[in-house]
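Read top to bottom, the protein sequences are chains H and W.
Here the working numbering is used: position 37 in the first sequence is 37, and no number is missing along the way.
Here the working numbering is used: position 162 in the second sequence is 162, and no number is missing along the way.
Just so you know, even glycine gets a beta-carbon here, dropped at the ideal spot from N, CA and C.
All remarks here apply to the structure that follows.
2 protein chains.
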Amino acid sequence: MSETKDKIVSLADQLIRVRGFNAFSYKDIAEPLEMKNAAVHYHFPAKSDLGIGVIQHDRNRFAATIAKWNKLPEQEQLQQLINVFRKHCHAGNICLMGSLSPDYNTLAPDMQQEVQQMAEDILHWLSQTLENGRKHKRFQFKGKAADRALLIMTNLQASLLMSRVLGPEIFTRISHQLMEDLIP
Amino acid sequence: MSETKDKIVSLADQLIRVRGFNAFSYKDIAEPLEMKNAAVHYHFPAKSDLGIGVIQHDRNRFAATIAKWNKLPEQEQLQQLINVFRKHCHAGNICLMGSLSPDYNTLAPDMQQEVQQMAEDILHWLSQTLENGRKHKRFQFKGKAADRALLIMTNLQASLLMSRVLGPEIFTRISHQLMEDLIP
DNA sequence: GTCTATACCTTGATAGAC
DNA sequence: GTCTATCAAGGTATAGAC
Numbered sequence: 001m002s003e004t005k006d007k008i009v010s011l012a013d014q015l016i017r018v019r020g021f022n023a024f025s026y027k028d029i030a031e032p033l034e035m036k037n038a039a040v041h042y043h044f045p046a047k048s049d050l051g052i053g054v055i056q057h058d059r060n061r062f063a064a065t066i067a068k069w070n071k072l073p074e075q076e077q078l079q080q081l082i083n084v085f086r087k088h089c090h091a092g093n094i095c096l097m098g099s100l101s102p103d104y105n106t107l108a109p110d111m112q113q114e115v116q117q118m119a120e121d122i123l124h125w126l127s128q129t130l131e132n133g134r135k136h137k138r139f140q141f142k143g144k145a146a147d148r149a150l151l152i153m154t155n156l157q158a159s160l161l162m163s164r165v166l167g168p169e170i171f172t173r174i175s176h177q178l179m180e181d182l183i184p
Numbered sequence: 001m002s003e004t005k006d007k008i009v010s011l012a013d014q015l016i017r018v019r020g021f022n023a024f025s026y027k028d029i030a031e032p033l034e035m036k037n038a039a040v041h042y043h044f045p046a047k048s049d050l051g052i053g054v055i056q057h058d059r060n061r062f063a064a065t066i067a068k069w070n071k072l073p074e075q076e077q078l079q080q081l082i083n084v085f086r087k088h089c090h091a092g093n094i095c096l097m098g099s100l101s102p103d104y105n106t107l108a109p110d111m112q113q114e115v116q117q118m119a120e121d122i123l124h125w126l127s128q129t130l131e132n133g134r135k136h137k138r139f140q141f142k143g144k145a146a147d148r149a150l151l152i153m154t155n156l157q158a159s160l161l162m163s164r165v166l167g168p169e170i171f172t173r174i175s176h177q178l179m180e181d182l183i184p
């Protein structure tokens with residue numbers, strides 16, 4: 001990936017999180033990078049290509065990140081995930097899923113599929129982590145790990161949405177209570 | 001509120017939930033109602049006026065609805081709320097908060113304030129209901145009722161988002177596990 | 001309350017020179 | 001790879017007749 005392409009993806013990622021996929025334009029990419037509208041279209045012909053680029057970049061980064069956490073005890077792995085969300089929260093950002101899923105119906109099919117796979121990625125990892133943590137007596141919870149992963153995932157995702165409206169202390173309260181529920 | 005105004009608000013409500021505030025236009029309102037673009041502007045001069053109209057309509061309806069539930073035992077009140085969300089889910093809709101909070105940064109200040117108040121409305125009611133339910137031994141949960149309300153609210157809100165991407169069984173799993181956690 | 005007509009802007013996207 | 005130039009389409013919003 002060229003350096004320019006990389007900068008475009010980074011900026012688009014920010015814009016999606018801060019304003020939403022349907023609320024930014026190629027102009028918002030081109031201007032800060034001091035290039036022309038058409039130059040952006042050279043790298044990403046259609047807007048959905050740009051969206052897909054952003055998601056794939058995020059999925060790769062996520063895969064690399066959880067690989068680094070691999071040896072940590074499960075409760076610390078989860079805490080690391082929460083820290084990632086906290087950083088987003090204090091930067092005023094929401095997560096990609098939280099931004100793209102409301103717009104899902106307006107997205108091109110190939111971009112929809114990418115969103116779907118991103119959701120499956122993170123749920124799969126979280127289910128595994130919860131399951132292992134329970135096995136090692138580091139977590140306690142009722143029901144299936146996959147269902148618990150859904151609950152925690154929705155907590156984190158929507159906590160960023162609510163924080164945007166009601167302030168960042170919302171995130172703190174949610175993440176603390178969530179951890180307290182889980183630790184024996 | 002005139003009948004026409006009412007139809008406009010209903011349709012705008014649908015469009016916000018299905019496609020998002022920044023992804024529908026006055027044309028999408030005017031055409032199905034067989035009127036002209038300008039006629040819609042007569043009722044709602046700016047798009048933010050329309051957005052505010054939709055939110056206020058929803059807040060009023062919510063207030064009327066919870067008043068009707070007032071005499072029910074708390075776990076049934078919560079189940080009623082879940083049923084409302086389930087209906088949205090199967091219609092392919094998300095909740096207003098779930099749709100408007102990602103777009104929050106792009107909204108006019110007076111519309112932002114309305115979104116904020118809507119969030120406070122529902123959190124206030126849910127906190128009270130949880131607190132009363134715990135007092136009457138119909139609910140069990142750790143921590144403050146206000147924090148628990150945040151967890152449950154984010155579960156419900158984001159369950160509609162995830163259902164849109166991964167299918168409606170996501171909502172079923174989340175709402176069941178959520179209730180099971182809460183019932184002694 | 002609704003219409004026609006229109007002003008004015010931004011959008012996503014393309015063609016072709018360099 | 002980036003540019004200038006341009007496109008058609010669609011957006012919000014307003015003026016003024018009926």
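For this session: Could you say which of H:Phe85, H:Cys89, H:Met118 and H:His136 lies nearest to H:Ser101 if we only look at CA atoms?
Result: The shortest C-alpha separation from H:Ser101 is found at H:Met118.
For this session: Find the residues of chain H that neighbour W:Thr216, judging by a C-beta separation of less than 7 Å, and give them in chain order.
Result: In the structure as shown, chain W starts at 1 and stops at 184, and residue 216 of chain W therefore has no counterpart that could be examined.
For this session: Using a Cβ cut-off of 8 Å, pull out every chain W residue sitting near H:Ile170, in sequence order please.
Result: Leu150
For this session: Just the chain W side, please: which residues come within less than 9 Å of H:Leu178 by C-beta, in chain order?
Result: Leu151
For this session: Report the residues of the region 48 to 69 of chain H with a CB closer than 8 Å to any CB of chain W, ordered along the chain.
Result: none
Exercise. Can you give the Cα-Cα distance for H:Ile170 and W:Leu150, rounded to whole angstroms?
Worked result: 8 Å
Exercise. Hey, is the region 157 to 171 of chain H in contact with the region 141 to 161 of chain W, meaning 3+ C-beta pairs nearer than 8 Å?
Worked result: yes
For this session: Please list the residues of the region 93 to 123 of chain W that have a C-beta atom closer than 7 Å to any C-beta atom in chain H, keeping them in chain order.
Result: Ile94, Gly98, Ser99, Ser101, Pro102, Asp103, Tyr104, Asn105, Thr106, Val115, Gln116 and Ala119
Exercise. Hey, does H:Val165 have any beta-carbon neighbour from chain W nearer than 7 Å?
Worked result: yes
Problem set entry | The alpha helix (DSSP H) enclosing W:Pro184, as first and last residue numbers | Premise fails: W:Pro184 is in no alpha helix (DSSP H) and is neither H nor E.
Exercise. W:Gly51 lies in the alpha helix (DSSP H); which residues open and close that run?
Worked result: Lys47 to Lys68
For this session: Just mark W:Ala145 as buried or exposed, buried being the case when its beta carbon has 16 or more other beta carbons within 10 Å.
Result: W:Ala145 comes out buried.
For this session: Using a Cβ cut-off of 7 Å (strictly closer), state whether W:Gly133 contacts chain H.
Result: no
Exercise. To the nearest angstrom, how far is it from the Cα of H:Arg86 to the Cα of W:Asn105?
Worked result: 19 Å
Exercise. If we count the other Cβ atoms within 10 Å of its Cβ and call it buried at 16 or more, is H:Ser175 buried or exposed?
Worked result: It counts as buried.
Problem set entry | Supposed close pair W:Leu191, W:Ala23 - CB separation, criterion 8 Å | Limits of chain W in this structure are 1 at one end and 184 at the other, which puts residue 191 of chain W out of reach.
For this session: Say whether chain W places a C-beta atom closer than 7 Å to the C-beta of H:Ile19.
Result: The question names Ile, but residue 19 of chain H in the sequence shown is Arg. For H:Arg19, the answer is yes, since a Cβ of chain W falls inside 7 Å of its Cβ.
Problem set entry | Terminal residues of the alpha helix (DSSP H) in which H:Gln140 lies | First-last for H:Gln140: undefined, no H or E at that position.
Problem set entry | Distance, H:Met97 Cα to H:Asp121 Cα | Within the model, the alpha-carbon separation for H:Asp121 versus H:Met97 is close to 11 Å.
Problem set entry | Helix, strand or coil at W:Gly193 according to DSSP, with G and I counted as helix | What is shown of chain W runs 1 to 184, which leaves residue 193 of chain W out entirely.
Exercise. Is the CB of H:Asp147 under 7 Å away from at least one CB in chain W?
Worked result: yes
Exercise. First and last residue of the alpha helix (DSSP H) that includes H:Asp42?
Worked result: Per the sequence presented here, residue 42 of chain H reads as Tyr, with Asp not at that position. Here the alpha helix (DSSP H) through H:Tyr42 covers Asn37 to His43.
Exercise. DSSP on W:Asp13, reduced to helix/strand/coil?
Worked result: helix
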